[in-house]
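If you count the sequence shown from 1, position 14 lands on 22 in this note's numbering, and the numbers rise without skipping. Yeah, the Cβ is synthetic: ideal placement off N, Cα and C, and Gly gets one too. Single-structure report; data block below.
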Amino acid sequence: ASDYQTSKHAINRLCEFVQSDHGEDGIKCFAIHPGGVSTELGRSMPDAMHQYLIDNPQLAACFAVWLCSGRADWAAGRYLSATWDVDDLTALKDEILRDDLLVNRLRAKL
């Protein structure tokens with residue numbers, strides 16, 4: 009599990025850096041979780057996890073279409089899940105931007 013989680017974290021950070029480095033060029037980068045889709049990798053997880061593999065692959069496809077529409081440009085460079093309701097997510101826009109949410113950060117008060 010550590011290799012999988014580490015690679016997911018790296019993808020999230022890469023997305024943040026791509027957005028930071030190329031956002032002015034019109035590039036939008038999103039780290040998308042497609043949901044719990046029953047894939048070969050998912051089915052290789054312990055049996056107790058299989059109950060969460062219930063999402064249709066079309067969910068992620070529809071979410072990607074929404075992202076390409078431009079209505080989520082404000083969320084570029086962030087982690088997003090295709091399972092989230094887009095209206096609920098949009099309603100949280102101000103809070104997400106204000107508090108720098110849905111990004112990976114190492115924060116400390118020294």
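Asked                                                                                                                           : Found
Output yes if chain B places a C-beta closer than 8 Å to the C-beta of S89; else output no.                                     : Absent here is chain B; the protein component of the structure consists of one chain.
Quick check on the burial criterion: 16 or more other C-beta atoms within 10 angstroms. Buried or exposed for Q27?              : buried
Within 10 Å of its beta-carbon, does Y87 have 16 or more other beta-carbons around it, so buried, or fewer, so exposed?         : buried
Got a sec, what are the start and stop residues for the beta strand (DSSP E) A39 sits in?                                       : 39–41
Which word fits A18, buried or exposed, when buried means at least 16 other C-beta atoms lie within 10 angstroms of its C-beta? : exposed
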